[in-house]
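*Asks:* Got a structure for you, questions after.
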Ligand code: NDP
């Protein structure tokens, strides 16, 4: 049921953090994994890590907020692999400033990286998923898809948008056998949250105290949900947003 042998999975931002955690899971389940990100050195190291676990993987350079780069990315994937079955829209960024301090360029930087990228990549993936007889799109939201964030308004807006884009694409493409779901990670120890952990006194401890399972998440905690949503096990699930947060979002 969870077997992904013969499937091709593209993970944007798969060269580190949550993307690499998901890529490892998908590859372990048998998928051929393509990593798309900008930093070639990090991507090469990620491919090495996937090959070290015996998986089939390669990396392509892409800026997922750039339409031409996304077009070229999907052309290369299909040229090299002959098909595409799974897209994980994971690439993301954050700028920690309240609204009154946020420049328009910073707003666009976050919205384009987190939300426009998911639109561009999903639109580019659609004909290939359809041609494969169906497929899976997994969009990475956040707890900020549910809550606002006074310290990260563009991030929260982009992640709220991810959930609505997920529902819209799920409704449109169900007829094509394509399921589209979102994953809402809680606090995960990655480069993205390194800055917040360094800048915000007591953040690490506060997250631990509020999270029912009593710890921060690790990228590997996202591997299981990626395999589930990429596999036949989730064929009757579409348009949902699933928290993977150790219970953070249900704690008072
Ligand atoms: P990291 O900073 O560790 O990884 C971000 C990834 O995105 C990198 O691989 C980076 O690669 C890639 N990326 C960023 N911009 C672009 C771009 N323009 N084009 C292509 N790739 C890009 O972050 P996380 O692993 O923590 O985050 C992954 C996702 O999970 C994000 O969407 C984030 O919002 C979300 N998330 C994270 C949480 C956490 O607590 N860590 C909580 C909730 C959600 P490169 O720089 O080489 O391009």
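In our numbering, the protein residues as written are 5 to 256.
Positions of the beta carbon are idealized from the N, C-alpha and C atoms, including for glycine.
This structure is a prediction, so every number in the text was calculated from the model and none was measured.
In terms of alpha-carbon separation, which member of 7, 21, 155 and 11 lies closest to residue 194?
*Replies:* Within the chain shown, the letter at position 190 stands for residue 194. Among 7, 21, 155 and 11, the Cα nearest to that of residue 194 belongs to 21.
*Asks:* In angstroms with no decimal places, state the Cα-to-Cα distance between residue 178 and residue 138.
*Replies:* The residue you call residue 178 lines up with position 174 of the chain shown. The residue you call residue 138 lines up with position 134 of the chain shown. Looking at the two C-alpha atoms, the distance is approximately 9 angstroms.
*Asks:* Which two residues bound the contiguous alpha helix (DSSP H) that contains residue 103?
*Replies:* The residue you call residue 103 lines up with position 99 of the chain shown. Neither: residue 103 is in no alpha helix (DSSP H) and is coded neither H nor E.
*Asks:* Quick check on the DSSP output: what are the complete beta strand (DSSP E) runs of length 3 or more inside the region 124-211, in order along the chain?
*Replies:* Counting only runs of 3 or more, we get 139-144 and 182-189.
*Asks:* Is the Cβ-Cβ distance between residue 8 and residue 33 less than 8 angstroms?
*Replies:* Indexing the chain shown from 1 puts residue 8 at position 4. Indexing the chain shown from 1 puts residue 33 at position 29. Yes, these two residues count as a Cβ contact at 8 angstroms.
*Asks:* Are the beta-carbon atoms belonging to residue 17 and residue 25 less than 8 angstroms from one another?
*Replies:* Within the chain shown, numbered from 1, the residue matching residue 17 stands at position 13. Within the chain shown, numbered from 1, the residue matching residue 25 stands at position 21. Cβ atoms of residue 17 and residue 25: not closer than 8 angstroms.
*Asks:* Would you mind stating whether residue 129 and residue 144 have Cβ atoms separated by less than 8 angstroms?
*Replies:* Numbered from its first residue, the chain shown carries residue 129 at position 125. Numbered from its first residue, the chain shown carries residue 144 at position 140. Cβ distance not < 8 angstroms, so residue 129 and residue 144 don't count as in contact.
*Asks:* Opposite residue 16 in the DSSP bridges: which residues?
*Replies:* Within the chain shown, the letter at position 12 stands for residue 16. Answer by DSSP bridge pairing, in chain order: 40.
*Asks:* Do residue 90 and residue 11 have their C-beta atoms within less than 8 angstroms of each other?
*Replies:* As a first step, residue 90 must be located in the chain shown, where it is residue number 86. As a first step, residue 11 must be located in the chain shown, where it is residue number 7. Yes, these two residues count as a Cβ contact at 8 angstroms.
*Asks:* Give me the Cα-Cα distance between residue 6 and residue 106, rounded to the nearest whole angstrom.
*Replies:* Along the chain shown, one-based indexing puts residue 6 at 2. Along the chain shown, one-based indexing puts residue 106 at 102. Straight-line Cα distance between these residues: approximately 43 angstroms.
*Asks:* Between 173, 220 and 203, which lies nearest to residue 191 when the distance is taken from Cα to Cα?
*Replies:* In the chain shown, residue 191 corresponds to position 187, counting from 1. The option with the nearest alpha carbon to residue 191 is 220.
*Asks:* Enumerate in chain order the residues of its own chain whose CB-to-CB distance from residue 181 is below 7 angstroms, with the five nearest sequence positions on each side excluded.
*Replies:* The residue you call residue 181 lines up with position 177 of the chain shown. Closer than 7 angstroms at the Cβ level, and outside the excluded window around residue 181, lie 137 and 138.
*Asks:* Roughly how many angstroms lie between the CA atoms of residue 234 and residue 210, to the nearest whole one?
*Replies:* In the chain shown, the residue the question calls residue 234 occupies position 230. In the chain shown, the residue the question calls residue 210 occupies position 206. Looking at the two C-alpha atoms, the distance is approximately 33 angstroms.
*Asks:* Measuring alpha carbon to alpha carbon, tell me which residue in 94, 187, 184 and 118 is nearest residue 157.
*Replies:* Along the chain shown, read from residue 1 onward, the residue named residue 157 stands at position 153. Cα-wise, what sits closest to residue 157 is 118.
*Asks:* Taking the beta carbon of residue 2 as the centre, do at least 16 other beta carbons fall within 10 Å, making it buried, or is it exposed?
*Replies:* Absent from the structure is residue 2, since the part of the chain shown begins at 5 and ends at 256.
*Asks:* Provide the residue span of the beta strand (DSSP E) that contains residue 226, from first to last.
*Replies:* Residue mapping note: residue 226 aligns to position 222 of the chain shown, counting from 1. Element bounds for residue 226: n/a, residue is neither H nor E.
*Asks:* Could you tell me whether the Cβ atoms of residue 187 and residue 229 are closer together than 8 angstroms?
*Replies:* Position 183 of the chain shown, counted from the start, is the residue given in the question as residue 187. Position 225 of the chain shown, counted from the start, is the residue given in the question as residue 229. The answer is yes: Cβ separation under 8 angstroms.
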